[in-house]
Amino acid sequence: MNNFYKTCLMAGTILSLSSFNANAQSCHENHATSPDAPISIMGDHTHAKGDWMVSYNAKRMHMQGNLQGSDSISPETIVTTISNPNAPPNTLRVVPTQMDMDMHMFGAMYGLSDKLTIMAMTMYMQKEMDHITFSGMMGTTRLGSFTTKSSGWGDTSITGIYNLYKAPKHNVNISLGISAPTGSIKEEDDVLTPLNTRPTLRLPYSMQLGSGTWDALPAIIYSGHKDKISWGAQYKATIRLESENSQQYQWGDTHKVTGWGGYKVSNELSINAIASYEKQGKITGSDANITAPVQTANPDNYGGKTIELGAGFVYAPDIPAIKGFEFGAQLNAPIYQDLNGVQMNRDWSIITKLSYRF
Ligand SMILES: [Cu+2]
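The numbering used here numbers the first residue of the sequence shown as 37 and each following residue consecutively.
This is how it looks when you write it as structure tokens:
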């Protein structure tokens, strides 16, 4: 930890005791780290030269039920009205009802200079999807239900974050990352077929752990603050650098715009609210091993537009023994979804974060 940061902490402590923290504000800004940004925002800050940060984020995303475009659709309606281009007789016979995705993200940041910070990130994922299987080739007789699971390491990224502009109340960072296809795209599990057999099959795209392609991760982020109020906006994208992966398909690019506002309740605690718009393209190409009569096996049933709202907090305790630690949580839920084809409904997600600077 550098001396400047120690001085910052001391100044912050003294100033918070006197309940006047205008100088503490400019102090954390000079340290080039803003504790005000919501924890779901990655790459919001840079570090001073030689400073390290390690972080662990745990995210759970819960999906429940299905949507056709923006409208909710029942399993019985799916199997009687939605066609299946993968296999004769062109009907869907298996419907996902619920999905939970857990991501354990491990990150490290290092200030190469006061302007440029490098960030490495990897994640361990656990996915679980519940389904109903309908009996035979047609009709709405339920045969039974089953759950598929996949778990393992996902894709790994390295990102450079550059401080483009810094003024007392305003900050602009640009970043460019590259994501390596370290996550498996050949996960398998047992399924229950409409003919009451239980073969082991390649799982649909959404149950795989990586994209299979090298991807670029560009972003630009603006943040500002005045007294106890903070705000910001970020645009970030995931751009596929290869037209197909080893299994002959490509995930759609994603573009996401996020805005937020925060309020510093005390020198240790800030709360925030967040709104985001995300657009993702369809999957192009297809994996010849993914052919089950389920909507998730059809590349057309991927991508769409989602607007999400969220709220959270960031807590940086002012206790000498745990100096440098920061903890936060955030809950997000969509208020609008317009999804391509038929897809599972995104219900909510929760993120918690623990980070340590030294
Ligand atoms: Cu950091």
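Note that beta-carbon positions come from the ideal geometry of N, C-alpha and C, so glycine has one too.
- Query: Regarding T195 and ligand 1, is the C-beta to nearest heavy atom distance less than 8 Å?
  - Reply: Not under cutoff, so the answer is no.
- Item | Beta-carbon gap between P240 and T116 smaller than 9 Å | The answer is no: Cβ separation not under 9 Å.
- Item | Spatial neighbours of N39 in its chain, beta-carbon cut-off 6 Å, leaving aside the 5 residues before and after | Low per-residue confidence applies at N39: pLDDT is 41, beneath 50, and the placement is therefore not dependable, though the value from the model is reported in the following sentence. Closer than 6 Å at the Cβ level, and outside the excluded window around N39, lies no residue.
- Item | Under the three-state DSSP convention, the category V330 falls into | Correct three-state label for V330: strand.
- Provide the residue span of the beta strand (DSSP E) that contains T117, from first to last. Per DSSP, T117 belongs to no beta strand (DSSP E); it is in the alpha helix (DSSP H), 111-117.
- Message: Using 9 Å as the threshold, is the C-beta distance between F399 and G364 below it?
- Response: No answer is possible for residue 399: the residues shown for the chain start at 37 and end at 394.
- Task: Indicate the three-state DSSP secondary structure (helix, strand or coil) for N59 in the structure shown.
- Result: Note that N59 has pLDDT 35, beneath the 50 cutoff, so the model's placement of it is unreliable and the number below is only indicative. DSSP places N59 in helix when its eight states are reduced to three.
- Query: What first and last residue would you give for the beta strand (DSSP E) that runs through K262?
  - Reply: Here the beta strand (DSSP E) through K262 covers 251-262.
- Three-state secondary structure (DSSP) of I358: It is helical.
- Contacts around Y201, its chain only, beta-carbon distance under 8 Å, and the 5 residues preceding and following it disregarded: Setting aside the 5 residues that flank it on each side, Y201 is surrounded in the same chain by N207, V208, each with a C-beta closer than 8 Å to its C-beta; the list follows chain order.
- Query: Is the closest heavy atom of ligand 1 to the C-beta of S186 under 8 Å?
  - Reply: It does not: the Cβ of S186 is nowhere closer than 8 Å to a heavy atom of ligand 1.
- Inter-residue Cα distance where the pair is L277 and W287: A straight-line Cα-Cα distance of about 11 Å links L277 and W287.
- Message: Can you list, in chain order, the residues of its chain with a C-beta nearer than 8 Å to that of L231? Leave out the 5 residues immediately preceding and following it.
- Response: Counting only Cβ-Cβ distances below 8 Å, and skipping sequence neighbours, we find G172.
- Message: Any contact between the region 188-195 and the region 129-136? By contact I mean 3 or more CB pairs, one from each, below 8 Å.
- Response: Too few Cβ pairs lie closer than 8 Å, so no.
- Using CA coordinates, which residue listed in P204, I114, I265, E224 is at the minimum distance from V301? That would be I265, whose Cα lies nearest to the Cα of V301.
- How many angstroms separate the CA atom of N66 from the CA atom of P335? Residue placement at N66 cannot be trusted, given a pLDDT of 37 that sits under 50; the coordinates are not used to answer.
- Item | Any non-hydrogen atom of ligand 1 closer than 8 Å to S91 Cβ | Flag set: Cβ of S91 near ligand 1.
- S259 and A73 look like a contact to me (Cβ under 8 Å); what is the Cβ gap, rounded to whole Å? Contact holds; Cβ gap of about 6 Å.
- Complete runs of the alpha helix (DSSP H) confined to the region 165-215 [at least 4 residues]: Runs of the alpha helix (DSSP H) lying entirely within the region 165-215 and spanning at least 4 residues: none are present.
- Message: Pairs of beta-carbons, one from the region 320-329 and one from the region 350-359, closer than 8 Å: are there three or more?
- Response: As far as the Cβ criterion goes, the region 320-329 does not touch the region 350-359, which means the pair count is below three.
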